[in-house]
Amino acid sequence: MTTLILVAAGGGLAALGQFVFSFALRSRRRATALNLVACAALGLVFALDPPNAVRSVVAIGFLASVAPLAGTTLATIGLARDRRYRSAALFFGANVVGGIAAVMFGFLAWKSGVTLYHKIL
2 MTTLILVAAG
12 GGLAALGQFV
22 FSFALRSRRR
32 ATALNLVACA
42 ALGLVFALDP
52 PNAVRSVVAI
62 GFLASVAPLA
72 GTTLATIGLA
82 RDRRYRSAAL
92 FFGANVVGGI
102 AAVMFGFLAW
112 KSGVTLYHKI
122 L
């Protein structure tokens, strides 16, 4: 039950952030940048392997809610309805493939940094 409350708290903070910054994210490029940064941060959080409470609030509650793929899907459908199929495919692909790459980058950046740090010392 505590985990559910923590996830809800993180999601609530993300919803407030989306509401406050929604006017700044009108362009597709900004939305894509937000998705990629959130995905990289998500990979970093999972690489750090924090306690479950921190993971619940930060990773699952906040980061997964601040840049949901649902918004990307809605924007893609809007482009497709306007018969801008190439733009729709590029926009969706950049978010999905770029998001996966950003998660991997965040994870590997932390893990390789930790490895280098341990080798230096």
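The sequence shown lines up with residues 2 to 122 when you count with the working numbering. Heads up, the beta-carbon is just placed ideally off N, CA and C, and yes, glycines get one too.
query                                                                                                                                    : result
Note down the Cα distance separating proline 83 from arginine 27, rounded to an integer number of angstroms.                             : According to the sequence provided, residue 83 is aspartate. The question's proline does not apply to it. Cα to Cα, aspartate 83 sits roughly 17 Å from arginine 27.
Under DSSP, the alpha helix (DSSP H) around phenylalanine 47 begins and ends at which residues?                                          : 29–49
On the three-pair Cβ rule with 8 Å, is the region 97–114 touching the region 35–53?                                                      : yes
Quick one, which of Gly11, Ala10, Leu35, Gly12 has its alpha-carbon nearest phenylalanine 22's?                                          : Leu35
State buried or exposed for valine 8, treating a residue as buried only when at least 16 other CB atoms are found within 10 Å of its CB. : buried
Report the CB separation of valine 67 from glutamine 19 in whole angstroms; it is logged as a contact under 8 Å.                         : 7 Å
Counting C-beta neighbours from all protein chains within 10 Å, is the total for threonine 77 16 or more, i.e. buried, or is it exposed? : buried
Going by C-alpha distance, which of Met2, Gly62, Asn53 is nearest leucine 14?                                                            : Gly62
Under 8 Å between the Cβ atoms of glycine 100 and leucine 37?                                                                            : yes
Between the C-alpha atoms of proline 51 and serine 57, what's the straight-line distance to the nearest angstrom?                        : 10 Å
Roughly how many angstroms separate the alpha carbons of alanine 90 and isoleucine 6, rounded to a whole number?                         : 37 Å
So the alpha helix (DSSP H) phenylalanine 20 belongs to, where does it begin and stop?                                                   : 3–22
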